[in-house]
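Protein chains: 2
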Amino acid sequence: MTPILITDPDHIAVQPFRDIKERDLTGREGLFIAEGEVVLNVLLSPASLCEPEAILIAEKRWETLRPLLEQAPHDVPVYLASQEVLNRIAGFDLHRGILAIGRKPEMMSLDLMLDRLGAKPDERRILVVASGIGNHDNMGGIFRNAAAFGAAGVILDAGCCDPFYRKAIRVSVGAVLRTPIVREPTSGEIVTRLQANGYEVLALTPSAQMQLADYRPSPRTAILLGSEGPGLPQAVIDQCLPVGIRMAGGFDSLNVAVTSGIALHQMAFG
Amino acid sequence: MTPILITDPDHIAVQPFRDIKERDLTGREGLFIAEGEVVLNVLLSPASLCEPEAILIAEKRWETLRPLLEQAPHDVPVYLASQEVLNRIAGFDLHRGILAIGRKPEMMSLDLMLDRLGAKPDERRILVVASGIGNHDNMGGIFRNAAAFGAAGVILDAGCCDPFYRKAIRVSVGAVLRTPIVREPTSGEIVTRLQANGYEVLALTPSAQMQLADYRPSPRTAILLGSEGPGLPQAVIDQCLPVGIRMAGGFDSLNVAVTSGIALHQMAFG
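So the sequence lines, in the order shown, correspond to chains R and X. Taken in order, the first sequence gives residues 1 to 270; the numbers are from full-length UniProt numbering. Taken in order, the second sequence gives residues 1 to 270; the numbers are from full-length UniProt numbering.
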């Protein structure tokens with residue numbers, strides 16, 4: 001792999017890296033931006049479900065990154081630029097000096113995901129269902145925890161933001177790129193299909209009678225997480241086994257990513 | 001309480017609210033900025049350990065906030081301003097429309113905190129020790145979890161950022177304002193003093209043999225958290241009981257605020 005030096009920020013080859021912040025908001029037709037060494041490491045690892053398409057790094061980082069970059073497929077161009085040119089391409093001060101364009105995996109249907117999982121009936125298996133999670137930090141945190149505790153996949157309803165948004169990928173420390181993801185319109189329908197496939201679906205909600213610490217997971221468990229403000233719709237909670245996280249009096253408030261970490265730890269090893 | 005309408009952003013009364021973002025970086029001699037309704041609610045609640053000094057809100061929020069503002073002490077001025085004047089005072093677009101100046105509690109020594117806690121010897125008690133936590137999001141998250149799971153206090157070493165930084169307070173949903181806080185120079189000395197007072201100190205570290213899920217807490221427990229990058233110094237880990245959080249293979253990575261949530265949940269109810 002021979003890197004290509006870019007001296008002109010308007011060079012046609014680096015157009016996909018232009019004005020990252022503005023374009024974060026518009027989507028990229030199956031592509032995404034990865035930034036930083038941790039995420040690039042995941043993108044180039046065998047565990048990644050995504051394909052790298054191009055890599056752009058600051059010249060000064062070339063020598064230290066070379067061993068990592070040599071893991072990239074041969075047809076992935078690596079561009080080098082001075083910090084100044086890099087900043088002008090990206091449209092902001094890119095301290096980390098590492099960007100990549102990746103291609104999202106083809107969207108799987110929930111049925112296909114469940115079929116594939118179903119091929120190994122003896123394993124204990126955890127899925128995460130996110131409903132209406134619109135905050136990219138929380139989305140990234142949920143994926144990070146899903147990967148840390150070995151969840152087999154994440155299922156998003158239509159109210160969720162895109163986990164391939166740059167910040168969500170970064171907060172997930174790359175977990176978004178190696179986790180099977182499914183999108184289905186409504187959490188109600190997701191719950192129905194999971195239950196039909198033998199999953200016990202836990203709705204994490206402060207209103208629950210049963211406490212997480214008392215719950216003993218079944219071999220196939222899915223945990224359903226709602227956003228912090230509105231929470232989960234009551235009709236969906238009613239479909240599930242509602243489970244709460246016991247807290248100290250007077251301050252019943254957990255961040256949803258923290259909630260996912262506590263619940264997944266309990267499912268996996270509690 | 002009669003609100004005072006401010007039409008001139010240079011009015012002397014609102015100088016403490018000027019250019020918030022720049023001044024976040026410089027400290028405020030015992031004062032801090034609180035923003036948003038959730039945090040203001042805590043600041044004005046009986047649980048707060050901090051005193052409100054002044055409140056500045058957008059005119060349009062006056063009617064809905066009135067019942068809350070009537071809980072403020074009578075000598076705390078409430079200023080109203082149009083959104084435009086408010087933005088000019090704050091130096092940025094203040095959508096939330098709610099700011100307050102608060103006074104930090106007097107700094108307690110660790111000995112005094114432990115003395116006060118020692119007065120109730122039969123209660124189960126959890127403390128959090130933070131070492132080198134420099135990220136305000138993580139600091140806020142740790143405080144939020146400490147409050148959620150009833151930790152009696154948070155002890156910071158010299159490597160920690162200020163939890164009264166605006167963003168840390170916001171992320172903590174106000175928990176920073178109602179949690180006893182102590183600062184001591186080194187985590188090594190903090191551990192020594194806690195142990196001398198009968199606390200079992202757990203060092204949360206991936207290198208540990210013992211897993212959190214297998215640990216049964218003693219009546220007085222402290223959990224020691226280090227930053228994600230460098231982690232805890234080995235010499236400090238050696239003073240403590242090292243405990244790890246078991247994870248799936250190949251992705252051993254948890255955010256430190258999530259770690260605090262999982263550990264505190266386990267201490268409190270595991």
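Virtual Cβ for every residue (Gly too), placed ideally from N, Cα, C. Note that the structure is predicted; figures quoted are calculated from it, not measured.
Query, Result
"Residues of its chain near I4(X), where Cβ-Cβ distance is below 8 Å and the 5 sequence neighbours each way are ignored", "A13, P77, V78, Y79, L80"
"Alpha-carbon to alpha-carbon, E184(X) and L31(X)", "20 Å"
"Residues that V173(R) contacts on chain X, provided the C-beta gap is smaller than 9 Å", "F251, S253, N255"
"Short CB-CB distance (under 7 Å) between F92(X) and chain R", "no"
"Endpoints, the beta strand (DSSP E) within which I55(X) is located", "51-58"
"Beta carbon proximity, I98(R) to chain X, threshold 7 Å", "no"
"Neighbour flag for R125(R) against chain X, beta carbons, 7 Å", "no"
"Through-space distance from G261(X) to G261(R), alpha-carbon basis", "8 Å"
"Pick from P73(R), A47(R), E70(R) that is closest to G249(X), judged by C-alpha positions", "A47(R)"
"L69(R) beta carbon less than 7 Å from that of F17(R)", "no"
"Where the stretch 30-48 of chain R meets chain B: residues whose CB sits under 7 Å from a CB there", "The structure shown contains no chain B; the protein chains it does contain are R and X."
"Cross-strand partners of F17(R) (DSSP beta bridge)", "In DSSP, F17(R) forms no bridge with anything."
"Reference R193(R), options T179(R), I155(R), G229(R), Q15(R), closest by Cα", "I155(R)"
"Reference D137(X), options S218(X), L127(X), P163(X), I98(X), closest by Cα", "P163(X)"
"C-beta contact flag for L232(R) and A208(R) at 7 Å", "no"
"Residues that V154(R) bridges to, as DSSP identifies them", "V128(R), I181(R)"
"M267(X) classed as buried or exposed, judged by whether at least 16 other C-beta atoms fall within 10 angstroms", "buried"
"CB of F143(R) within 7 Å of CB of R246(X), strictly", "no"
"Within-7 Å CB hit, F149(X) to chain R", "yes"
"N-terminal and C-terminal residue of the beta strand (DSSP E) that P242(R) is part of", "241-244"
"Interface residues of chain R facing N135(X) [CB-CB closer than 9 Å]", "Residues of chain R passing the Cβ test: none, with the nearest at roughly 12 Å."
"Alpha carbon of A168(X) to alpha carbon of N135(X), nearest angstrom", "9 Å"
"Helix, strand or coil at V76(R) [DSSP, three-state]", "coil"
"Distance between S187(X) and residue 275(X) (C-alpha atoms, nearest Å)", "Any property of residue 275(X) remains undetermined from this structure, which presents chain X solely from 1 to 270."
"For L65(X): DSSP bridge partner residues", "None; L65(X) has no bridge partner."
"Assigned secondary structure, G261(X) (DSSP; H/G/I helix, E/B strand, else coil)", "helix"
"Proximal chain R residues relative to G231(X), where beta-carbon distance stays under 7 Å", "Correct list: empty, because the minimum Cβ distance to chain R is about 15 Å."
"Residue-chain proximity (A263(X), chain R), Cβ-Cβ < 7 Å", "no"
"Limits of the unbroken alpha helix (DSSP H) element including G102(X)", "Counting along the chain, G102(X) falls outside any alpha helix (DSSP H), though it belongs to the beta strand (DSSP E) covering 98-103."
"Within 7 Å, strictly: CB atoms of residue 271(R) and V171(R)", "The structure shown has nothing for residue 271(R), since chain R only spans 1 to 270."
"Members of the stretch 72-89 of chain X that neighbour chain R once the beta carbon cut-off is set at 9 Å", "none"
"For G140(X), the three-state DSSP class (helix, strand or coil)", "helix"
"Under 8 Å from the C-beta of V14(X): neighbouring residues of chain R", "Those within 8 Å of V14(X) in chain R number zero; the least Cβ separation is about 30 Å."
"A147(R) versus R178(R): straight-line alpha-carbon distance, rounded", "8 Å"
"Min CB distance F143(X) to chain R below 7 Å", "no"
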